[in-house]
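For the sequence shown, this note's numbering assigns the number 329 to the initial residue and increments by one for each residue that follows. Take a look at the structure below.
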Amino acid sequence: MNRNVVSFHYTLRDPAGCVLDTSAGGAPVVYLEGAGQIIEGLDEQLRGLPVGTKTRVQVPATRAYGARDPGQVQSVRRAQLPVEGKLKVGDQFQAGSDRFAPVVTVVAIDGDHVTLDANHPLAGVDLSFDIEIVAARAATSEEMSHGHAHGADGHGHCQ
Ligand code: ZN
Numbered sequence: 329m330n331r332n333v334v335s336f337h338y339t340l341r342d343p344a345g346c347v348l349d350t351s352a353g354g355a356p357v358v359y360l361e362g363a364g365q366i367i368e369g370l371d372e373q374l375r376g377l378p379v380g381t382k383t384r385v386q387v388p389a390t391r392a393y394g395a396r397d398p399g400q401v402q403s404v405r406r407a408q409l410p411v412e413g414k415l416k417v418g419d420q421f422q423a424g425s426d427r428f429a430p431v432v433t434v435v436a437i438d439g440d441h442v443t444l445d446a447n448h449p450l451a452g453v454d455l456s457f458d459i460e461i462v463a464a465r466a467a468t469s470e471e472m473s474h475g476h477a478h479g480a481d482g483h484g485h486c487q
């Protein structure tokens with residue numbers, strides 16, 4: 329199966345129309361189609377779009393960062409947290425020492441008890457992307473075997 333390495337610019341909005349993130353003014357996103365490098369619902373809907381296409385793509389939460397899981401919210405004692413200094417609602421940190429530990433968000437503080445939410449910040453949020461396809465080329469066999477894009481516009485191989 330032939331797959332492409334695609335570069336695109338995006339502006340991401342939530343259902344209220346607020347901009348959550350954008351690549352404008354920076355480098356485009358570069359990804360290998362069908363490799364899980366971008367969210368599934370976006371990967372599917374960008375498939376086969378010609379270079380130069382500007383379009384709006386709606387991705388429901390279930391095809392993006394998933395539904396919110398109430399089981400991912402829990403209360404812990406302040407002293408158990410690996411964070412120095414003062415905590416406030418909205419703070420985010422890794423819930424463990426290894427670099428793959430999930431990022432948690434502080435959602436409430438009540439005395440010595442801190443409520444943490446390990447859901448992705450965009451879990452349960454329907455997403456709207458304004459997309460511009462800026463480049464597309466056939467993936468190399470090496471990219472296909474690695475499952476990601478390479479090159480100056482892709483990622484290096486230090487990680
Ligand atoms: Zn690689």
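Backbone N, C-alpha and C fix where the C-beta goes; we use that ideal spot for every residue, glycine too.
Asked, Found
"Spatially closest choice to Arg405 from Asp445, Pro378, Val431, Asp438, by CA coordinates", "Asp438"
"Sequence-distant residues of the same chain with beta carbon closer than 6 Å to Thr443, five excluded per side", "Ser403, Val435, Ala436"
"Residue range of the unbroken beta strand (DSSP E) whose run includes Glu460", "455 to 466"
"Residues near Val379 by beta carbon distance below 8 Å, same chain, minus five either side", "Ile461, Val462, Ala463, Ala464"
"Residue span of the beta strand (DSSP E) that contains Leu415, given as start and end", "Here Leu415 belongs to no beta strand (DSSP E), and DSSP marks it neither H nor E."
"beta-carbon His474 near the ligand ZN non-hydrogen atom, thresh 6 Å", "yes"
"Beta-carbon gap between Val357 and Leu455 smaller than 7 Å", "no"
"Length-filtered (4 minimum) alpha helix (DSSP H) runs lying within the region 355 to 402", "368 to 374"
"Close-in-space but distant-in-sequence residues of the same chain around Ala429 (CB under 6 Å, 5 per side omitted)", "Gln422, Ala423"
"Ala407 - DSSP class collapsed to helix/strand/coil", "helix"
"Beta-carbon proximity of Asp342 to Val453, cut-off 7 Å", "yes"
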